[in-house]
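Visitor: Quick one: the structure is below, questions incoming.
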Amino acid sequence: MPLNDTQRGLILHHADRLLSTRAWPKTICPSEIARALSDAELETLNAAAWRDAMDSIRLVLWEKRVAGEVEVMQKGEVVVAESLEDIRGPIRVRKMKDAAQQGIMQ
Numbered sequence: 000m001p002l003n004d005t006q007r008g009l010i011l012h013h014a015d016r017l018l019s020t021r022a023w024p025k026t027i028c029p030s031e032i033a034r035a036l037s038d039a040e041l042e043t044l045n046a047a048a049w050r051d052a053m054d055s056i057r058l059v060l061w062e063k064r065v066a067g068e069v070e071v072m073q074k075g076e077v078v079v080a081e082s083l084e085d086i087r088g089p090i091r092v093r094k095m096k097d098a099a100q101q102g103i104m105q
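So for the sequence shown, numbering that gives the first Met the number 0 puts the first residue at 0; every next one is plus one.
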């Protein structure tokens, strides 16, 4: 079922908060977002427990990847899959290197 703006915003809030605490190249696990959700937030996501929210969280993180905001990682390597459905197993996520770190801006 597609997420509404409230549901997407809730996941983005927690994702952005956690990502802001990790300097590149440190990563977060999507389950950290899920475990940070309150009971009321889980209810908003139609999830009985944090594990039930994982598919929605992975979807929102993939959208951030498509937007160029994060890198999705598996086994320490950036995922090159074309779609979320192509990914099997656990993932981690990190912020993109900013332009200054890449040497693009001086």
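Where a beta carbon is used, it is the ideal one built from N, C-alpha and C, also for glycine.
Please classify P1 as buried or exposed, where buried requires at least 16 neighbouring CB atoms within 10 angstroms.
Guide: Along the sequence shown, read from residue 1 onward, the residue named residue 1 stands at position 2. Counting Cβ neighbours within 10 Å, P1 comes out exposed, since fewer than 16 surround it.
Visitor: CA-CA distance, V78 and R16?
Guide: Here residue 78 refers to the residue found at position 79 of the sequence shown. Here residue 16 refers to the residue found at position 17 of the sequence shown. Distance between the alpha carbons of V78 and R16: 23 Å.
Visitor: How big is the Cα-Cα spacing for W49 and R34?
Guide: Working through the sequence shown from its first residue, we reach residue 49 at position 50. Working through the sequence shown from its first residue, we reach residue 34 at position 35. Each residue's Cα considered, the two are about 6 Å apart.
Visitor: Hey, could you find the ends of the beta strand (DSSP E) K94 is sitting in?
Guide: Indexing the sequence shown from 1 puts residue 94 at position 95. Annotation for K94: the continuous beta strand (DSSP E) segment containing it runs 91-94.
Visitor: From L44 to D38, what does the alpha carbon distance come to, in whole angstroms?
Guide: In the sequence shown, the residue the question calls residue 44 occupies position 45. In the sequence shown, the residue the question calls residue 38 occupies position 39. Each residue's alpha carbon lies about 10 Å from the other.
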